[in-house]
Each structure stands twice: as C-alpha cells, then as structure tokens.
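Below: one structure, written as structure tokens.
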Amino acid sequence: MLPLSYTLTSAVTLTIIGRVTDIFGRRWVFVGGAFLGIIGSIVCATAQSVNSLIGGMTITGIAAATQLSYYYVMGELVPMKYRLIGNAFCYSLTIPGSGLAPVISHAFLRNHPNVGWRGAYYVLIGVNTVSFLCWFFFYHPPTFRMKHGEHASVLKYAKDFDYIGTAVYTGGLLVLMMGLNWGGSVYPWKSAHVIGAIVSGIVGLVLFVLWESYAKLKEPLVPMHLFKNQGWNAATILSGLGASVYYAFALVWPSMVTVLYEDGDPMTAAWYSSFVGLFIIIGEVVGGVVAKPIGNLKLQCIVTVALSGIFFGATATSTPDSRVRATTFVALGTFFIGWAESLAITIVTIAAWDQSKLGSASGLAGSIRFFISSISATVYTVILSNRLTDEIARQVPKAVTAAGLPSSSVADFITGLSTGTGFDGIPGVTDSIVAVGVRAYKEANASAYRTVFLASIAFSGVALIASFMLPNVDSLLTGKVASTLHKGRKDEKMIGAGDV
Numbered sequence: 005m006l007p008l009s010y011t012l013t014s015a016v017t018l019t020i021i022g023r024v025t026d027i028f029g030r031r032w033v034f035v036g037g038a039f040l041g042i043i044g045s046i047v048c049a050t051a052q053s054v055n056s057l058i059g060g061m062t063i064t065g066i067a068a069a070t071q072l073s074y075y076y077v078m079g080e081l082v083p084m085k086y087r088l089i090g091n092a093f094c095y096s097l098t099i100p101g102s103g104l105a106p107v108i109s110h111a112f113l114r115n116h117p118n119v120g121w122r123g124a125y126y127v128l129i130g131v132n133t134v135s136f137l138c139w140f141f142f143y144h145p146p147t148f149r150m151k152h153g154e155h156a157s158v159l160k161y162a163k164d165f166d167y168i169g170t171a172v173y174t175g176g177l178l179v180l181m182m183g184l185n186w187g188g189s190v191y192p193w194k195s196a197h198v199i200g201a202i203v204s205g206i207v208g209l210v211l212f213v214l215w216e217s218y219a220k221l222k223e224p225l226v227p228m229h230l231f232k233n234q235g236w237n238a239a240t241i242l243s244g245l246g247a248s249v250y251y252a253f254a255l256v257w258p259s260m261v262t263v264l265y266e267d268g269d270p271m272t273a274a275w276y277s278s279f280v281g282l283f284i285i286i287g288e289v290v291g292g293v294v295a296k297p298i299g300n301l302k303l304q305c306i307v308t309v310a311l312s313g314i315f316f317g318a319t320a321t322s323t324p325d326s327r328v329r330a331t332t333f334v335a336l337g338t339f340f341i342g343w344a345e346s347l348a349i350t351i352v353t354i355a356a357w358d359q360s361k362l363g364s365a366s367g368l369a370g371s372i373r374f375f376i377s378s379i380s381a382t383v384y385t386v387i388l389s390n391r392l393t394d395e396i397a398r399q400v401p402k403a404v405t406a407a408g409l410p411s412s413s414v415a416d417f418i419t420g421l422s423t424g425t426g427f428d429g430i431p432g433v434t435d436s437i438v439a440v441g442v443r444a445y446k447e448a449n450a451s452a453y454r455t456v457f458l459a460s461i462a463f464s465g466v467a468l469i470a471s472f473m474l475p476n477v478d479s480l481l482t483g484k485v486a487s488t489l490h491k492g493r494k495d496e497k498m499i500g501a502g503d504v
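The following block contains the structure:
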C-alpha cells in the first residue's frame with residue numbers, strides 16, 4: 005500500500021497540475037508542492053502506525069507531481085537547444101537520492117539502528133527544504149495576468165475550469181490503477197474487487213474522453229487535440245516504457261539480488277540493488293549531454309532502445325553463479341534505456357504544438373508515463389509470482405527428498421527457505437540437505453527471473469516501434485525560449501524572451 009499511495013496520487017495529479025498551472029501560473033503551485041514534500045516527509049519520518057505512513061506517502065505523492073514536472077519547467081525557461089542538457093543537469097542531482105537510495109537506506113539500518121528506516125525520510129526533509137527555498141526565491145515564471153492580460157479575471161477562469169472532467173478522470177484513473185495493483189497480491193485476479201475496479205476504471209476513463217471530446221468546454225482538463233499529434237504520442241509512449249523499466253525493475257531486481265547474490269552481506273546487496281536506479285540516471289545524464297552534439301535524436305532513440313532490449317534479454321542467461329554477468333547486463337540495459345528516456349521526455353516538450361501550454365501536454369504525458377509503468381510492473385510481478393510458485397514446487401521438493409529429507413518435512417522446509425525463518429525443529433534436516441535445498445531454491449528463482457527478463461523483450465519491442473514513429477526534431481533545437489521570467493512581483497518587465 006505504501007508505494008501504491010505514492011504512485012496513485014502522483015499519476016493523477018500530474019495532469020491536473022500541468023493544466024492548472026498553464027491557466028493560473030506555476031509559481032505558487034510549485035512552491036506549495038515543495039512545501040507539501042516537507043510535510044509529507046515529516047509525517048513519514050515520525051509515523052507511529054502504517055496508516056500514518058500511508059498518509060505521509062499520499063502527501064508525498066502529491067508533492068512529487070510538482071517535482072516530477074521539472075522537465076517542462078526547465079523546457080520552457082531555457083532555449084530549446086539547451087533543453088536536453090538542462091534536463092541532464094536535473095537528472096544528475098537525483099543520483100544520491102534515487103540512484104543510491106538502497107545504499108543510503110541500508111546504511112541507516114546497519115550503522116544507525118535507532119534511526120533505522122526513518123533515516124531516509126530525514127534525508128528527504130532536508131532535500132525538500134532546499135527544493136522549497138529554491139522554488140520560493142528563484143522561480144518567477146509568468147503570472148496569471150502576464151499570461152492573460154492585465155484585465156483578466158481569475159474568477160472567470162476558475163468558473164470555466166473543467167471540474168466534472170477532473171472528477172471523472174481522477175476517479176477513473178485511480179480505480180483502474182488500484183485494480184491493476186490489487187490483482188494477484190491483495191486479491192485474486194478473478195475476485196470481484198479486482199474485476200470491478202478494472203472495469204469501473206475503464207468505463208470512467210471512456211466517459212472522460214467522451215466528455216472532453218463532445219462537451220463544449222472553455223477550459224478542458226485535457227485538450228484532446230494532443231492525441232492527434234503523432235510525434236507527441238510516440239514520445240509519450242517511449243518515455244512511459246523507459247520509466248517502466250525503472251519502476252518495474254526497481255521491484256524485481258533487488259529481490260533477485262537478495263535471493264541469488266547477497267551471500268550474507270546486505271550492504272553488498274544494496275550496492276547491486278542500486279544499479280537499476282543509478283545506471284538509468286547515468287544514461288539520462290549522458291544522453292542529455294551528448295545528444296545534440298551527436299545529432300539525429302530519433303536515430304539515437306532507435307539505437308539505444310534496441311541495445312537496451314538486447315541487454316535486458318541477455319540478462320535471462322543469469323544463474324546463481326553469474327553475479328558479474330547479471331549486474332553488467334542490467335547496468336548496460338538501464339543505461340541505454342535511460343539515454344532513450346532522456347531524449348524521449350525532452351521530445352515530448354519539443355513536439356508539443358503549443359509551446360505556451362507545455363504544462364497540459366507534459367502533465368498528461370507524465371500521467372500516461374505512470375500508467376504505462378503501472379501496467380509493466382503488474383505484468384512483471386504477476387509473471388514472477390506465478391513462475392516462482394511453479395519453479396519452487398518443481399525443483400526444491402525433488403532435490404531435498406533426493407538428498408534424504410522426509411516428504412512430510414518438505415512444506416516446512418520450503419517455508420523456512422522462502423521466509424528466512426530457518427530450519428530449526430524441522431525433522432530430518434541436516435547441513436547437507438540445507439545446502440542442496442538452498443541451491444535448488446536459487447536455481448528455481450533464477451528460472452523464474454529468467455522468464456521476467458524474456459518478457460521484457462515484448463516491452464522493448466513496443467518501445468522500438470515507438471522510436472521509429474518519433475518526429476525528427478533536430479531542426480527545432482533553436483534559440484527560441486517558450487516562456488519568460490520576470491524580475492519580481494512589481495516588475496512587469498519580462499526577461500529571457502525571444503531567441504538566444
């Protein structure tokens with residue numbers, strides 16, 4: 005429930021924030037989002053119950069929607085030719101918090117047990133405080149009246165806002181994503197809870213599209229003309245598939261490391277677990293820095309997506325004894341998909357037809373990105389869960405009974421393996437049987453993870469198709485600035501306008 009509360013609120017809020025800030029101005033929404041990040045981190049750090057922690061993560065998820073909107077804020081404030089390197093700079097700042105998150109968390113658990121898991125949230129309090137101060141003192145985008153004219157009425161735009169569409173969209177997306185995440189974990193896939201949530205969510209989103217398409221709205225939540233823009237659609241899908249690697253493999257890879265490669269050293273496992281987050285960021289930074297000098301962004305996406313698919317597929321060759329090979333392939337795969345995603349998310353902003361409404365285009369792209377990630381994470385976890393059940397049942401009992409374990413003790417032995425509770429009190433267990441059982445358990449896990457990596461080839465294939473459909477945007481990387489800054493509340497002079 006903790007990751008789900010964060011994912012749900014971020015996914016829904018991204019679209020709303022993008023549209024609202026396009027209309028009313030961005031400054032105070034982003035300042036407020038950073039402040040919510042501080043509040044959410046404090047609630048999580050001081051939580052005394054799971055419900056309090058869920059509440060804190062919900063607040064943090066809303067705050068994250070503003071923080072994850074950095075790419076169109078950066079995109080509209082710098083010349084288009086610098087959008088890639090501007091985003092790369094933003095990515096580089098996330099290496100400590102995202103790239104090394106498992107290491108930092110385990111370091112708190114091992115070196116400061118009195119602080120424990122709360123230490124990560126203490127770090128977030130500091131990071132969000134710095135973020136809040138930066139937004140407050142340095143971010144002065146166009147105000148409402150600079151956008152609409154000196155005599156524009158905030159009340160009029162507020163009355164014209166699409167509240168019905170916002171409510172239907174929020175409910176539909178929330179319920180659909182809850183159903184996808186419930187399936188196979190909280191409830192069986194065939195349960196009424198899961199089926200009802202998925203069907204209701206789909207119906208809600210269909211009604212939302214019909215409302216946005218046919219209602220005579222002055223300020224729709226989602227301008228439907230965005231879906232007529234093939235280049236924007238392709239870039240959005242590609243960025244979603246790139247992000248899905250992070251969100252899905254951030255779940256799958258650490259568990260694989262723990263079972264196959266930990267060898268009794270949690271810190272070593274933490275470093276290996278960080279490879280997904282770390283190398284996707286490195287790929288994003290490198291891609292952002294070298295993309296324009298290399299040129300032909302579309303071809304770069306095609307090549308890097310293809311390479312990532314090759315390396316992820318090759319990870320299926322992993323065994324309990326191939327730690328170096330597995331981590332190398334995962335690192336290379338995430339590096340290249342990070343490169344592709346860095347380009348794709350920037351192309352989302354470049355391909356938007358109306359550069360004055362980047363929030364609407366990019367916010368919707370961000371929500372779609374989260375939704376695609378949710379689907380991929382669901383697919384990977386379902387495959388892993390089913391394959392683990394089958395492979396453990398197929399390999400472990402046969403191995404331990406052949407080694408001399410009584411059949412009546414097999415179920416307890418597997419429970420001890422799976423939960424880490426040990427084998428004390430299980431009749432017939434010897435050291436040699438434990439060694440055989442542990443090896444069989446690792447082999448079963450390796451077989452299950454192999455299927456997951458093979459399944460990733462399908463997502464890579466879709467990403468490759470999306471790459472071929474990207475627009476050629478190199479000619480658009482000019483000195484044009486989409487938005488402008490102003491010097492202060494009372495100073496109406498705009499700075500940074502025009503071409504550079």
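Each number in my numbering comes from the position in the sequence shown (counting from 1) with 4 added on. Think of the CB as a built atom: it goes at the ideal place given N, C-alpha and C, for glycine as much as any other residue.
- G187 sits in a strand when the DSSP states are folded into three classes.
- Straight-line measurement puts the Cα of V440 at about 47 Å from the Cα of I46.
- Three or more beta-carbon pairs separated by less than 8 Å are not found between the segment 201–218 and the segment 317–332, which leaves the two stretches without contact.
- Around the beta carbon of S278, 16 or more other beta carbons lie within 10 angstroms, which makes this residue buried.
- Between the segment 367–375 and the segment 233–244, the count of Cβ pairs shorter than 8 Å is three or higher; the stretches touch.
- In the DSSP assignment, E223 is bridged to F165.
- Inter-segment contact for the segment 14–22 and the segment 59–74 is present: three or more beta-carbon pairs are separated by less than 8 Å.
- Counting of Cβ neighbours within 10 angstroms places A406 among the exposed residues, the total staying below 16.
- Its Cα nearest to that of F142, the residue L81 stands out among L81, V280, I306.
- Excluding five sequence positions before and after Q399, the CB atoms of its chain that fall closer than 7 Å to its own CB belong to A444, E447, A448, given in chain order.
- Residue state for M473 is assigned as coil, using DSSP reduced to three classes.
- With respect to the C-alpha of F374, the residue from T240, Y76, W32, E154 having the closest C-alpha is T240.
- Here P83 really is in contact with G483; their C-beta atoms are around 5 Å apart, less than 8 Å.
- Sequence-distant Cβ neighbours of V280 in its own chain, meaning closer than 7 Å and more than five residues away, are Y250, F253, A254, W257, V334, T338.
- Within the model, the alpha-carbon separation for S217 versus G176 is close to 16 Å.
- I99 sits away from G292, with the two beta carbons spaced by 9 Å or more.
- Considered as a whole, the segment 259–292 harbours 270–277 as its complete alpha helix (DSSP H) runs of no fewer than 4 residues, in chain order.
- At the C-beta level, A273 and H110 come within 9 Å of one another.
- A residue is called buried when at least 16 other Cβ atoms come within 10 angstroms of its Cβ; A486 meets this threshold and is buried.
- In the three-state reduction of the DSSP assignment, P297 falls in the helix class.
- Taking a contact as a CB-CB distance under 8 Å, the pair G342 and I284 counts as one, their CB atoms being some 4 Å apart.
- In the DSSP annotation of this structure, the continuous segment of the alpha helix (DSSP H) that includes M150 starts and ends at 148–152.
- Per the C-alpha coordinates, the member of S157, I298, A459 positioned closest to V386 is A459.
- Excluding the 5 residues flanking it on each side, F165 has same chain C-beta neighbours closer than 6 Å at E223, in chain order.
- The three-state reading of DSSP puts Y143 in coil, since its state is none of H, G, I, E or B.
- In the pairwise beta carbon analysis, the segment 20–38 is classified as touching the segment 150–163: at least three pairs are separated by under 8 Å.
- In this structure, DSSP gives L8 a helical state, which the three-state scheme calls helix.
- When W139, G60, L57, Y125 are compared, the shortest CA-CA separation from T70 is found for W139.
- Straight-line measurement puts the Cα of S135 at about 12 Å from the Cα of Y74.
- Collapsing the DSSP output to three states places S412 in a helix.
- Under the three-state reduction of DSSP output, H155 falls in the coil class, being neither helix nor strand.
- Every alpha helix (DSSP H) stretch that sits fully inside the segment 44–112 and reaches 4 residues is listed by chain position as 54–71, 74–81, 87–96.
- Taking G432 as reference, the option from R122, L221, G408 with the minimal CA-CA separation is G408.
- Of all alpha-carbon atoms in G183, M61, N91, the one lying nearest the alpha-carbon of T382 is that of G183.
- Y173 is classed as buried because its beta carbon has at least 16 other beta carbons within 10 Å across all chains shown.
- The segment 293–306 and the segment 410–427 do not touch, with fewer than three beta-carbon pairs separated by less than 8 Å.
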